[in-house]
Amino acid sequence: MPKLKRMSGKEAVSILKKFGFREIRQKGSHIILKRTTSEGEIGCVIPLHSELAIGTLRGILRQAKV
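Under the numbering used here, the first residue of the sequence shown is numbered 1, with each subsequent residue one higher.
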């Protein structure tokens with residue numbers, strides 16, 4: 001996996017939307033995104049923090065299967 005740069009939760013949401021994810025709902029400071037594939041639905045939760053930790057971002061990418 002290439003080196004990741006730090007980004008905000010909003011930036012992560014906009015990038016995942018380019019991969020076909022759509023906003024399902026928001027609860028507090030977390031947004032739930034989903035994408036439908038031939039294997040079924042893939043969901044991920046994005047915290048809307050001003051800066052996401054690299055480990056959190058890596059976990060989001062694994063969860064999103066990107």
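C-beta: ideal position from N, C-alpha, C; glycine also. Being a predicted model, the structure only gives us computed values, none of them experimental.
- Three or more beta-carbon pairs separated by less than 8 Å link the region 42-53 to the region 4-16, which places the two stretches in contact.
- A Cβ-Cβ distance of about 6 Å is found for the pair Arg22 and Lys34, placing them in contact under the 8 Å criterion.
- When the Cα atoms are used, Glu41 and Lys18 turn out to be separated by approximately 16 Å.
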